[in-house]
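Taken in order, these protein sequences are the chains called F and Y. Heads up, the first sequence stops at 334 in my numbering, and the numbers go up one at a time, no gaps. Heads up, the second sequence stops at 334 in my numbering, and the numbers go up one at a time, no gaps.
There are 2 protein chains.
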Amino acid sequence: MKSVTMEDVARAAGVSRALVSLAYRNAPGVSVKTRERIFRTGRELNYQPNRIAASLASKSQTSIGVFLSDLHNDLFADIFDGLRQGLGDESRHLVLAVGSIDGQRDNAALDTLVQSRVDLIVAAGLLLADHDLATYTSTTPLVSTARVVPGADNVFTNNLSGARQATEHLIGLGHQRIVFLANPRSDGYLERGMGYRQAMGEAGLETWEIASSYARHEAEADIGAVLRSSHRPTAVFAHNDRSALGVLDAARHYGLSVPEDLSVVGYDNSSASRLPGLELTTVDIHARQLGELSAHAALTRLAEPTDALQSISIDPTLLVRGTSSHPATGRK
Amino acid sequence: MKSVTMEDVARAAGVSRALVSLAYRNAPGVSVKTRERIFRTGRELNYQPNRIAASLASKSQTSIGVFLSDLHNDLFADIFDGLRQGLGDESRHLVLAVGSIDGQRDNAALDTLVQSRVDLIVAAGLLLADHDLATYTSTTPLVSTARVVPGADNVFTNNLSGARQATEHLIGLGHQRIVFLANPRSDGYLERGMGYRQAMGEAGLETWEIASSYARHEAEADIGAVLRSSHRPTAVFAHNDRSALGVLDAARHYGLSVPEDLSVVGYDNSSASRLPGLELTTVDIHARQLGELSAHAALTRLAEPTDALQSISIDPTLLVRGTSSHPATGRK
DNA sequence: ATGAAAGCGCTAACAT
DNA sequence: ATGTTAGCGCTTTCAT
Numbered sequence: 003m004k005s006v007t008m009e010d011v012a013r014a015a016g017v018s019r020a021l022v023s024l025a026y027r028n029a030p031g032v033s034v035k036t037r038e039r040i041f042r043t044g045r046e047l048n049y050q051p052n053r054i055a056a057s058l059a060s061k062s063q064t065s066i067g068v069f070l071s072d073l074h075n076d077l078f079a080d081i082f083d084g085l086r087q088g089l090g091d092e093s094r095h096l097v098l099a100v101g102s103i104d105g106q107r108d109n110a111a112l113d114t115l116v117q118s119r120v121d122l123i124v125a126a127g128l129l130l131a132d133h134d135l136a137t138y139t140s141t142t143p144l145v146s147t148a149r150v151v152p153g154a155d156n157v158f159t160n161n162l163s164g165a166r167q168a169t170e171h172l173i174g175l176g177h178q179r180i181v182f183l184a185n186p187r188s189d190g191y192l193e194r195g196m197g198y199r200q201a202m203g204e205a206g207l208e209t210w211e212i213a214s215s216y217a218r219h220e221a222e223a224d225i226g227a228v229l230r231s232s233h234r235p236t237a238v239f240a241h242n243d244r245s246a247l248g249v250l251d252a253a254r255h256y257g258l259s260v261p262e263d264l265s266v267v268g269y270d271n272s273s274a275s276r277l278p279g280l281e282l283t284t285v286d287i288h289a290r291q292l293g294e295l296s297a298h299a300a301l302t303r304l305a306e307p308t309d310a311l312q313s314i315s316i317d318p319t320l321l322v323r324g325t326s327s328h329p330a331t332g333r334k
Numbered sequence: 003m004k005s006v007t008m009e010d011v012a013r014a015a016g017v018s019r020a021l022v023s024l025a026y027r028n029a030p031g032v033s034v035k036t037r038e039r040i041f042r043t044g045r046e047l048n049y050q051p052n053r054i055a056a057s058l059a060s061k062s063q064t065s066i067g068v069f070l071s072d073l074h075n076d077l078f079a080d081i082f083d084g085l086r087q088g089l090g091d092e093s094r095h096l097v098l099a100v101g102s103i104d105g106q107r108d109n110a111a112l113d114t115l116v117q118s119r120v121d122l123i124v125a126a127g128l129l130l131a132d133h134d135l136a137t138y139t140s141t142t143p144l145v146s147t148a149r150v151v152p153g154a155d156n157v158f159t160n161n162l163s164g165a166r167q168a169t170e171h172l173i174g175l176g177h178q179r180i181v182f183l184a185n186p187r188s189d190g191y192l193e194r195g196m197g198y199r200q201a202m203g204e205a206g207l208e209t210w211e212i213a214s215s216y217a218r219h220e221a222e223a224d225i226g227a228v229l230r231s232s233h234r235p236t237a238v239f240a241h242n243d244r245s246a247l248g249v250l251d252a253a254r255h256y257g258l259s260v261p262e263d264l265s266v267v268g269y270d271n272s273s274a275s276r277l278p279g280l281e282l283t284t285v286d287i288h289a290r291q292l293g294e295l296s297a298h299a300a301l302t303r304l305a306e307p308t309d310a311l312q313s314i315s316i317d318p319t320l321l322v323r324g325t326s327s328h329p330a331t332g333r334k
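(1) Are any of the Cβ atoms in chain F nearer than 8 Å to that of T283/Y?
(2) Hey, does R19/Y have any beta-carbon neighbour from chain F nearer than 8 Å?
(3) Three Cβ pairs or more, each shorter than 8 Å: is that satisfied between the stretch 227–247 of chain F and the stretch 210–217 of chain F?
(4) Out of Q178/F, R187/F, R218/F, state which residue places its alpha-carbon closest to the alpha-carbon of G203/F.
(5) Apart from the five residues just before and just after G31/F, which ones in its own chain have a Cβ nearer than 6 Å to its Cβ?
(6) Counting only beta-carbon atoms, is G88/Y nearer than 8 Å to chain F?
(7) What in chain F is Cβ-close to H74/Y, meaning under 9 Å?
(8) Quick check on T325/Y: does DSSP put it in helix, strand or coil?
(9) Let me see if you follow: with CB-CB separation under 8 Å, is I212/Y close to chain F or not?
(10) How far does the alpha helix (DSSP H) with S296/F in it extend, from its first residue to its last?
(11) Could you name the residues of the same chain whose beta carbon sits closer than 8 Å to that of S296/F, not counting the 5 residues immediately before and after it, in chain order?
(12) Could you tell me which chain Y residues have their CB closer than 9 Å to the CB of Q376/F, listed as they occur along the chain?
(13) Counting only Cβ pairs nearer than 7 Å, list the residues of chain F close to D251/Y.
(14) Are L115/F and A99/F touching if we call contact CB-CB under 8 Å?
(15) Can you list, in chain order, the residues of its chain whose CB lies under 6 Å from that of G190/Y, leaving out five sequence neighbours each side?
(16) Applying the 10 Å Cβ sphere with the 16-neighbour rule, what's the burial state of R107/F?
(17) Three or more C-beta pairs closer than 8 Å, one from the stretch 275–291 of chain Y and one from the stretch 312–331 of chain Y: is that the case here?
(18) Assuming H171/Y and S275/Y form a contact by the criterion Cβ under 8 Å, report the distance between their Cβ atoms to the nearest whole angstrom.
(19) So which of R234/F, S265/F, Y138/F has the shortest CA-CA distance to A246/F?
(20) Kindly indicate which residue of A299/F, L96/F, G164/F has the alpha-carbon position closest to the one of A201/F.
(21) Can you check whether the C-beta of S60/F is within less than 8 Å of a C-beta belonging to chain Y?
(22) Please list, in chain order, all residues of the same chain as T308/F whose beta carbon is under 6 Å from its beta carbon, the five residues on each side excluded.
(23) Going by other Cβ atoms of all chains shown within 10 Å of its Cβ, with 16 needed for buried, is H219/Y buried or exposed?
(24) Counting only Cβ-Cβ distances shorter than 9 Å, please list the residues of the stretch 129–149 of chain Y near chain F, keeping chain order.
(25) Below 8 Å CB to CB, which residues in the same chain sit around V120/F once its five sequence neighbours on both sides are set aside?
(26) Look at D76/F and S273/F and say whether their C-beta atoms are less than 8 Å apart.
(27) When the cut-off is 8 Å and only beta carbons count, does D224/F lie next to chain Y?
(28) Between A15/F and R39/F, what straight-line distance do the alpha-carbon atoms span, to the nearest angstrom?
(29) Considering just the uninterrupted stretch of the beta strand (DSSP E) at V228/Y, what are its terminal residues?
(30) Run through the DSSP bridge pairs and tell me what L98/F is partnered with.
(31) Check the Cβ-Cβ distances between T114/F and every residue of chain Y, and say whether any is below 8 Å.
(32) What does the Cβ neighbour count give for V34/Y, buried or exposed, with the cut at 16 atoms within 10 Å?
(33) So with Cβ pairs under 8 Å, would you call L183/F a contact of chain Y?
(34) Nearest CA to the CA of A221/F: which residue from T209/F, R244/F, R234/F?
(35) Please list the partners that S5/F has in chain Y, where partner means a Cβ-to-Cβ separation under 8 Å.
(36) Under 8 Å Cβ to Cβ from D10/F, same chain only, skipping five residues before and after it: list those, please.
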């Protein structure tokens, strides 16, 4: 499959390569007539410009690398949509790399981006430690979203506030034994736990944290252990919607009704929170907006490489839906 | 951000570029001592090989393009996982491109892959018409999965069989007014409807098809219209799990219990089918396996470019879960 | 408006 | 085992 080169088109159209190059980039300096002829022959030959060669020759300002942590969480699909939109759609070439739920692939994914010499990386949901990220930020400008990374432009929702809102909501409802089903401890994701602890502390309640992972079935197992005890919690605040689903699974397994016997609050407002007939009370991190703002941050950084790093934070919104109510009574 | 080149490493290590190149590709012909020295200085300089330059210089056998239709449907995340695994993980460079739920971006996405001169494209869930795909198959080898494309290697589940199984399941339960909530008509996705019609025909039942889209809320609206009528269907077979969710939404909206008043069957066995407390009866297309088989097909094609096109089909599995039962009585 | 020529950072064939 | 050299298909001055 020998592909058609710019040279082929140039020869067929009877012009130089330079003109074909200009034409295909919509650059000025090509007469209308010539431009048309070039496109016509290009189409006849089914010519597709070679991006590889193009980016080698032109040193940069052409591609943006996008890292998405986990395709199974459609939070990242929302962020991606916002990003695409904010970038003005067609414009730039996006080079994608995807990690995995446990963060094991983050390094490899970022490496491919660097090796593809993207001009900038927009990363959503990085799980790597701040320290491991330093190598990248020193090489390629990084815009991190949904996670704060030192040395990068950051776009995120205020997790401290979100966790406080969620916890205070449960406290306000009258709950006292409120478990926080925590995400794995890693740099940049500590604030949800902090918000929970602050709210509990201020209300004079004892904290009760259970470590868990990002996987639904592990959340189910982790919370299940305490749900069957007589002194079980009356409410669970899960670090994200997916693990909240695991909590709901466990509740069913032990015959507890939600929200009558157990209130459950999630986090993210991903599509997982909207089940037919059972809508999860959750905290909206405004994922799509995060994507859009990341796009703007990226564009700004590209335009002004030496500007000071910026940090854009937006406020989360508590969405009270069907899985939270007064303890015992079941009243909302 | 001037990046470190192979030349820099060569100079610093006191060798030629060729040796550095060989070393980084783990090619034979470099003494152990030299290789070590090269890597050491490479690490010191924080050198990352330039993939762009590498693939320009070496014509091919290095990268595989991956097209995913829609990040919001985690069916594609499953396929992607299987693909990665089947490809042997680290080995090849994957270039990703993502479409959109309505297929509008399919062309642009495929174009970027071609322009990145990938050696082969693995596409999951293409929505483009057969005709529009011809341009691509003539340029780059294509392995299509979850969709049959003429001129490509195909890996898919037998949709005719899956739809028959689903429909026969409902008929066997005693349903007569069974609606098929259809996907948008497009090449390569006609067999689910066919399977439904065959099964209905053989049972002497009248078909009742309602056109819909891939979006949950549209499915809700489309089916909602008939759910409030007195002569409403007793069962709905939705073309995929996401639209089945829309059907469940509509059922709730009109106060119908599932499965007592309405049986619902989905398709795909995506994570959307597993709600806490309400597990969708669905047809498992074995998405992950689809991905793995696509990987093998891709590797085979790359190894034997002139072999005849292959078509690999696997059998779907009906998963009877909680949303289907006898009509009216509610018995399973 | 158009063309000629020098790279971009690698790989690959050929020398040594 | 190691070095030299010629491209890969473009973009980008610089001429004309």
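Glycine is no exception: its CB is placed at the ideal position from the N, C-alpha and C atoms.
To lay it out plainly:
(1) no
(2) no
(3) yes
(4) Q178/F
(5) L24
(6) no
(7) D76, A79, D80, D83, S273
(8) coil
(9) no
(10) 289–305
(11) I81, G84, L85, G88, V124, A126, V145, T147, V157
(12) For residue 376/F there is no data in the structure shown, the boundaries of chain F being 3 and 334.
(13) P278
(14) yes
(15) R149, V150
(16) buried
(17) yes
(18) H171/Y to S275/Y, Cβ: 15 Å. No contact.
(19) S265/F
(20) G164/F
(21) no
(22) none
(23) exposed
(24) T137, S140, T141, T142, P143
(25) S65, I66, G67, V97, T142
(26) yes
(27) no
(28) 7 Å
(29) Careful: V228/Y lies outside any beta strand (DSSP E), inside the alpha helix (DSSP H) at 218–229.
(30) V68/F
(31) yes
(32) exposed
(33) no
(34) R244/F
(35) R119, T141
(36) L47, Y49
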